[in-house]
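Enquirer:
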Amino acid sequence: MVAVENVSGSGSAGSLDLRLWVRLLGCARIIEKQLRRNFQEQFDTTLPRFDVMAALDRAPDGLNMGALSRALLVSNGNVTSIVRQLQEQGSVVARPDPGDGRSAIAALTPAGKAHFAELARAHHQWVRAALAEFPPDRQEQLLSLLGELRRSLLGEEGE
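Sequential numbering of the sequence shown, starting at 24, is according to my numbering.
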């Protein structure tokens with residue numbers, strides 16, 4: 024966990040930009056830690072497996088391993104390992120990529136789609152519970168501000 028109290032080295036609390044970064048990261052990690060625990064305890068699975076299944080759920084025709092790793096911002100090796108685990112449990116099928124003989128296209132099986140739907144429902148409930156004490160109007164404000172931040176980081180005019 025990143026714990027930065029004195030990021031400037033001068034005894035101050037640090038600059039606004041660094042404090043903002045640490046706060047964003049900290050909030051995300053609090054929720055992520057709970058999600059990881061819940062996935063393990065309730066479904067004997069992992070957040071990375073859920074992420075791979077979510078990406079495949081958004082691509083009904085499947086994704087090749089390179090596109091999947093880019094979508095998840097992880098290495099090809101990580102994706103290959105997770106896809107292999109999901110294949111072993113019957114949630115994913117991988118077939119040769121006709122456009123690239125060195126790669127495979129991964130897709131959810133019917134059982135994988137059903138399992139993902141169950142995971143996604145639980146995930147939504149957990150996120151809702153994590154944010155329950157933060158009022159909806161403040162959630163809307165924060166969502167808007169984070170949209171502005173994202174656009175500025177990407178150099179985009181609109182989202």
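For every residue, glycine included, the Cβ atom is placed at its ideal position computed from N, Cα and C.
Everything numeric in this text was worked out from a predicted model, so none of it was measured.
1) Measure the C-alpha to C-alpha separation of L96 and R144 and round it to an integer number of angstroms.
2) Run the CB neighbour count on R72, radius 10 Å, all protein chains shown included, and call it buried at 16 or more, exposed below.
3) Could you please give the first and the last residue of the uninterrupted alpha helix (DSSP H) stretch that includes S104?
4) Starting from the Cα of G89, find the closest Cα among N99, G37, R46, D123 and give me that residue.
5) Which residue comes first and which comes last in the beta strand (DSSP E) that contains P119?
6) May I ask which residues mark the beginning and end of the beta strand (DSSP E) holding S126?
7) Does the Cβ-Cβ distance between A130 and V116 come in under 8 Å?
Expert: Reading it off the structure:
1) 24 Å
2) buried
3) 99-111
4) N99
5) 115-120
6) 123-131
7) yes
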